[in-house]
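Trainee:
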Amino acid sequence: MTAVLSNSTATDDRRRELVFRGDLFVYSASPAATELVRFARELVADAFGPRDPETAQHDMPVEDFARLLAELKPRFIHHPRCKELVPALIEERGCDPSLTYFDVPRLRTSTSDDYLVSGISYAFHPHRDCWYSAPFNQVNWWIPVFGVVAENVMAFHPRYFDAPVRNGSAAYDYGEWNRTSRRSAAEHVRSDTRVQPRPEEEIDLDPQIRVVPEPGGVLMFSGAHLHSTVPNTSGRTRFSIDFRTVHLGDVRERRGALNVDARCTGTTLRDFTRCAGLTPMPEELAAAYEAEAETRALAGVS
Numbered sequence: 000m001t002a003v004l005s006n007s008t009a010t011d012d013r014r015r016e017l018v019f020r021g022d023l024f025v026y027s028a029s030p031a032a033t034e035l036v037r038f039a040r041e042l043v044a045d046a047f048g049p050r051d052p053e054t055a056q057h058d059m060p061v062e063d064f065a066r067l068l069a070e071l072k073p074r075f076i077h078h079p080r081c082k083e084l085v086p087a088l089i090e091e092r093g094c095d096p097s098l099t100y101f102d103v104p105r106l107r108t109s110t111s112d113d114y115l116v117s118g119i120s121y122a123f124h125p126h127r128d129c130w131y132s133a134p135f136n137q138v139n140w141w142i143p144v145f146g147v148v149a150e151n152v153m154a155f156h157p158r159y160f161d162a163p164v165r166n167g168s169a170a171y172d173y174g175e176w177n178r179t180s181r182r183s184a185a186e187h188v189r190s191d192t193r194v195q196p197r198p199e200e201e202i203d204l205d206p207q208i209r210v211v212p213e214p215g216g217v218l219m220f221s222g223a224h225l226h227s228t229v230p231n232t233s234g235r236t237r238f239s240i241d242f243r244t245v246h247l248g249d250v251r252e253r254r255g256a257l258n259v260d261a262r263c264t265g266t267t268l269r270d271f272t273r274c275a276g277l278t279p280m281p282e283e284l285a286a287a288y289e290a291e292a293e294t295r296a297l298a299g300v301s
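Encoded structure:
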């Protein structure tokens, strides 16, 4: 069973325990989250100028829209202000900043009616982040920038949380993805030829759960949850922010969601920075996770 907990008062330790079992947490907009959204809107407005960013897709050639996003998204990801706002939000939600690590926040878009669904605005098929070399103790944070509706959010497919899905993760290596595929996202406008893990069997999308937070509201879920981008039929481009966290104790003790079907290699752990002091993840932990993934892949087991 997957439960959706709204404005829970659970401690971070208890919350992570429940997230690793498949539960979802949603919180109302808070001061730090509201400021992060305000900053994202500022950058979006600068990029789109007089156009309404949620409807600009109806007036722009898709190639121009993709080029605009190719400049906007890295600007947000690497802006020094994000390194201040994201740790503040994480601490606001009750996480210990000395033990919690985060990766860079990404500005995502989901355009309506198949306008741009590849490359820089990729529409994700059903997947687990753990197929993409994410650790099983990863917690995902997702925040709408503007208002969203059920027709342009994401869907969770809870029947598969602890049930394996035949998938292509065995062909995915995070280090190779960084070397050859990540930087070419903006080049894929009409189609996306990059090799990404996807189901290799038919997925029953129902039952599904769609959570619709307010702008600045925070949705938290496990990187092991099977989820997908909802086909956007809202008529408006959805803008959202997401980032991930891991707790150092979980990383050291291998606490996390069960690996039911991931066989990828590499690890994303080197992408994580500690909230307090912005220090990197200890290299010995990243190296150990990388070695364990390689061992699993060679053994042909999840």
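Residue numbers (numbering that gives the first Met the number 0): 0 to 301.
Think of the CB as a built atom: it goes at the ideal place given N, C-alpha and C, for glycine as much as any other residue.
1. Rounded to the nearest angstrom, what separates proline 79 and phenylalanine 242 at their Cα positions?
2. Could you check whether phenylalanine 160 and histidine 224 sit closer than 7 Å to each other, using their CB atoms as the reference points?
3. Cβ of asparagine 151 within 7 Å of Cβ of serine 109?
4. When you compare only the Cα positions, how much space is there between aspartate 249 and valine 18?
5. Ends of the alpha helix (DSSP H) at leucine 225?
6. Can you find the residues in the same chain that come closer than 7 Å, C-beta to C-beta, to alanine 32, ignoring five residues on each side of it along the sequence?
7. Report all residues from its chain with a CB closer than 8 Å to the CB of threonine 8; omit the five preceding and five following residues, and keep chain order.
8. Would you mind reading off the limits of the alpha helix (DSSP H) that contains phenylalanine 64?
9. Taking its Cβ as the centre, do 16 or more other Cβ atoms sit within 10 Å of glycine 21, making it buried, or is it exposed?
10. Determine the contact status of arginine 237 and valine 147, defining contact as a CB-CB distance below 7 Å.
11. Between the alpha carbons of proline 328 and arginine 269, how many angstroms are there, rounded?
12. With distance defined between alpha-carbon atoms, name the residue in Arg235, Gln195, Arg295 and Leu297 nearest to arginine 50.
13. For valine 25, report the span of its beta strand (DSSP E) as first-last.
14. Quick one: is methionine 0 buried, meaning 16 or more other Cβ sit within 10 Å of its Cβ, or exposed?
15. Secondary structure at proline 30, three-state DSSP: helix, strand or coil?
16. Taking the beta carbon of glycine 222 as the centre, do at least 16 other beta carbons fall within 10 Å, making it buried, or is it exposed?
17. Can you tell which of Arg92, Thr294 and Asp260 has its C-alpha closest to the C-alpha of aspartate 165?
18. Note down the Cα distance separating arginine 262 from proline 86, rounded to an integer number of angstroms.
19. Bridge partners of methionine 153, per DSSP?
20. Along the chain, which unbroken stretches of the beta strand (DSSP E) at least 3 residues long are found entirely within the stretch 228-284?
21. Suppose you measure from the CA of glutamate 186 to the CA of leucine 115; what does that come to, to the nearest Å?
22. Which residue wins for smallest C-alpha separation from phenylalanine 38, given the options Lys82, Ala149 and Thr10?
23. Taking buried to mean at least 16 other C-beta atoms within 10 Å of its own C-beta, is tyrosine 288 buried or exposed?
24. Pick helix, strand or coil for histidine 57, following the three-state DSSP scheme.
25. Buried or exposed: histidine 77, going by 16 or more other Cβ atoms within 10 Å of its Cβ?
26. For glutamate 283, which of Cys274, Met59, Thr266 and Ala275 has the nearest alpha-carbon?
27. Could you give the residue range of the alpha helix (DSSP H) that holds leucine 106?
28. Whose C-beta lies closer than 8 Å to the C-beta of valine 25 among residues of the same chain, with five residues either side of it excluded?
29. Taking its Cβ as the centre, do 16 or more other Cβ atoms sit within 10 Å of arginine 181, making it buried, or is it exposed?
30. If valine 144 and arginine 15 are in contact, beta carbons under 8 Å, what's the gap, nearest whole angstrom?
Mentor: Walking through what the data contain:
1. On the sequence shown, position 80 is the one that residue 79 refers to. On the sequence shown, position 243 is the one that residue 242 refers to. Distance between the alpha carbons of proline 79 and phenylalanine 242 is about 15 Å.
2. Your numbering for residue 224 matches position 225 in the sequence shown. Your numbering for residue 160 matches position 161 in the sequence shown. Yes. Within cutoff.
3. Indexing the sequence shown from 1 puts residue 151 at position 152. Indexing the sequence shown from 1 puts residue 109 at position 110. Yes, Cβ-Cβ distance for asparagine 151 and serine 109 is below 7 Å.
4. Translated into positions along the sequence shown, residue 249 becomes position 250. Translated into positions along the sequence shown, residue 18 becomes position 19. Their backbone Cα atoms lie some 13 Å apart in a straight line.
5. Here residue 225 corresponds to residue number 226 of the sequence shown, with the count starting at 1. Counting along the chain, leucine 225 falls outside any alpha helix (DSSP H), and DSSP gives it neither H nor E.
6. In the sequence shown, the residue the question calls residue 32 occupies position 33. Excluding residues within five positions, the ones whose Cβ falls inside 7 Å are Leu88, Ile142, Gly215 and Val217.
7. Locating residue 8 in the sequence shown gives position 9, counting from the first residue. For threonine 8, where only same-chain residues beyond five positions count, there are no Cβ hits under 8 Å.
8. Here residue 64 corresponds to residue number 65 of the sequence shown, with the count starting at 1. Start and end: 61-76.
9. Against the sequence shown, residue 21 aligns to sequence position 22. Label assigned to glycine 21: buried.
10. On the sequence shown, position 238 is the one that residue 237 refers to. On the sequence shown, position 148 is the one that residue 147 refers to. Contact: yes.
11. Outside the modelled stretch of the chain, which goes from 0 to 301, sits residue 328, for which no answer is possible.
12. As a working mapping, residue 50 is identified with position 51 in the sequence shown. Here the closest residue by C-alpha is Arg235.
13. Numbered from 1 along the sequence shown, position 26 holds the residue referred to as residue 25. Here the beta strand (DSSP E) through valine 25 covers 23-26.
14. As a first step, residue 0 is located in the sequence shown; it is residue number 1 there, counting from the start. Under this definition methionine 0 is an exposed residue.
15. Walking along the sequence shown from the start, residue 30 turns up at place 31. DSSP places proline 30 in helix when its eight states are reduced to three.
16. Within the sequence shown, residue 222 is the residue found at index 223, counting from 1. Under this definition glycine 222 is a buried residue.
17. Looking up residue 165 in the sequence shown gives position 166. First, the amino acid is wrong: residue 165 is arginine here, not aspartate. Ranking the options by Cα distance to arginine 165, first place goes to Asp260.
18. The residue labelled residue 262 in the question sits at position 263 within the sequence shown. The residue labelled residue 86 in the question sits at position 87 within the sequence shown. Each residue's alpha carbon lies about 31 Å from the other.
19. Translated into the one-based positions of the sequence shown, residue 153 becomes position 154. DSSP output for methionine 153 lists Thr228 as bridge partner(s).
20. 237-246
21. As a first step, residue 186 must be located in the sequence shown, where it is residue number 187. As a first step, residue 115 must be located in the sequence shown, where it is residue number 116. The pLDDT assigned to glutamate 186 is 46, lower than 50, so where the model puts this residue is not dependable; a value taken from the coordinates is nonetheless given after this. Spanning the two alpha carbons is a distance of roughly 12 Å.
22. The sequence position of residue 38 within the sequence shown is 39, counting from 1. When each option's Cα is compared against that of phenylalanine 38, the closest is Lys82.
23. Within the sequence shown, the letter at position 289 stands for residue 288. It is buried - the Cβ of tyrosine 288 has at least 16 other Cβ atoms within 10 Å.
24. Taking the sequence shown and counting its residues from 1, the one referred to as residue 57 is at position 58. Helix, per DSSP.
25. Start at 1 with the first residue of the sequence shown, and residue 77 comes out as number 78. By the 10 Å Cβ count, histidine 77 comes out exposed.
26. For this step, residue 283 is matched to residue 284 along the sequence shown. It is Thr266.
27. Residue 106 sits at position 107 when you count from the first residue of the sequence shown. Unbroken run through leucine 106 is the beta strand (DSSP E), 105-109; no alpha helix (DSSP H).
28. Working through the sequence shown from its first residue, we reach residue 25 at position 26. Val3, Leu4, Ser5, Asn6, Val210, Pro212, Gly216, Val217, Leu218 and Met219, listed in sequence order.
29. Residue 181 sits at position 182 when you count from the first residue of the sequence shown. Low per-residue confidence applies at arginine 181: pLDDT is 48, beneath 50, and the placement is therefore not dependable enough to give any value.
30. Here residue 144 refers to the residue found at position 145 of the sequence shown. Here residue 15 refers to the residue found at position 16 of the sequence shown. Contact doesn't hold; Cβ gap of about 26 Å is too wide.
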